[in-house]
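Everything below concerns the one structure shown next.
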Amino acid sequence: MADTKPTFVNVLRDALGDRIDPSATNFIEMMADDFVMEFPYARPGMRERIEGREAVVAYLMTVAGSVSIDTVDNVNVHETSDPEVVIVEFEAHGRAPKVDEPYDQRYISVIRARGGRMIHYKDYWNPIQGLKAQVGAAAVEAFILGDSAAREAGA
Numbered sequence: 001m002a003d004t005k006p007t008f009v010n011v012l013r014d015a016l017g018d019r020i021d022p023s024a025t026n027f028i029e030m031m032a033d034d035f036v037m038e039f040p041y042a043r044p045g046m047r048e049r050i051e052g053r054e055a056v057v058a059y060l061m062t063v064a065g066s067v068s069i070d071t072v073d074n075v076n077v078h079e080t081s082d083p084e085v086v087i088v089e090f091e092a093h094g095r096a097p098k099v100d101e102p103y104d105q106r107y108i109s110v111i112r113a114r115g116g117r118m119i120h121y122k123d124y125w126n127p128i129q130g131l132k133a134q135v136g137a138a139a140v141e142a143f144i145l146g147d148s149a150a151r152e153a154g155a
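Now the structure itself:
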């Protein structure tokens, strides 16, 4: 039986439809050369905006091992009044190898495509979940709840 779980790329392809060139088979191929990626909820010290396909690819290589996504679900696609723009809500589930803990994140992505490629991707996600993937859920939760030991540990 074939695996029918949606992947991130399949979610994008379905959401973007004929806005994306069918020959683009992965996220990088879907990007225009002048692609811009934004992270409005980036925590301090993280980049909020990256310009250019090469710069985005370099950034993605630096964070590639921080999470391993196994499934993508609860996908909702919202068309907008602008034919170039689509909003995609989805959840990603997997593991955070650095801390060997589950990774569960909800995303809202605002994507603009033109000429068969994505030109802008605004990625909204919960920075607390991202931090848990780096230092572990217990450290983050202790810090949020006011545990001074967690603060000293650098969470």
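Quick note on my numbering: the sequence shown kicks off at 1 and runs consecutively. Idealized CB from N, CA, C, for every residue including glycine. Treat the numbers as computed from the prediction; the structure is a model and nothing was measured.
Point to revise | Bounding residues of the alpha helix (DSSP H) (the contiguous stretch that carries N76) | key: No alpha helix (DSSP H) holds N76; the beta strand (DSSP E) holding it covers 68-79.
Point to revise | Residues near A2 in its chain [Cβ-Cβ closer than 7 Å; skip 5 each side] | key: Reliability fails at A2, whose pLDDT of 47 lies under 50, so the model's placement of it is uncertain and no value is given.
Check your understanding: With 16 other CB atoms within 10 Å as the buried threshold, where does S109 fall?
Key -> buried
Practice item. Go ahead and pull the three-state DSSP assignment for M61. Key: helix
Practice item. For T71, count neighbouring Cβ atoms within 10 angstroms of its own Cβ and tell me buried if that reaches 16, exposed if not. Key: exposed
Review point. Name the DSSP beta bridge partners of Q105, please?
Key: A92
Check your understanding: The beta strand (DSSP E) with P50 in it runs from where to where?
Key -> In the sequence as displayed, the identity of residue 50 is Ile instead of Pro. From DSSP, the beta strand (DSSP E) with I50 extends over 49-51.
**Study point:** Sequence-distant residues of the same chain with beta carbon closer than 7 Å to V56, five excluded per side
**Key:** M31, F35, M37, I50
Check your understanding: For R95, which residues from the same chain have a beta carbon less than 8 Å from its beta carbon, with the 5 sequence-adjacent residues on both sides left out?
Key -> V67, S68, D70, E101, P102, Y103
Point to revise | Cβ shell of I111 (< 8 Å), same chain only, five flanking positions each side left out | key: L12, A15, L16, V85, V86, I87, V88, M118, H120, Y121, K122
Check your understanding: Beta-carbon separation of D33 and G116 under 8 Å?
Key -> no
Check your understanding: Once you ignore the five residues that flank R106 on each side, which residues in its own chain have a CB closer than 6 Å to its CB?
Key -> E91
Check your understanding: Does V63 come within less than 8 Å of chain B when only Cβ atoms are used?
Key -> The structure shown contains no chain B, having only a single protein chain.
Review point. Span of the beta strand (DSSP E) holding I119?
Key: 117-125
Point to revise | Bounding residues of the alpha helix (DSSP H) (the contiguous stretch that carries D14) | key: 8-16
Review point. Going by beta carbon distance, what residues of the same chain come within less than 7 Å of E113, once the five residues before and after it are set aside?
Key: Here residue 113 turns out to be Ala, not Glu, going by the sequence shown. Closer than 7 Å at the Cβ level, and outside the excluded window around A113, lie L16, R19, I20, E84, I119.
Point to revise | Residue burial classification, K98 (beta-carbon count within 10 angstroms, cutoff 16) | key: exposed
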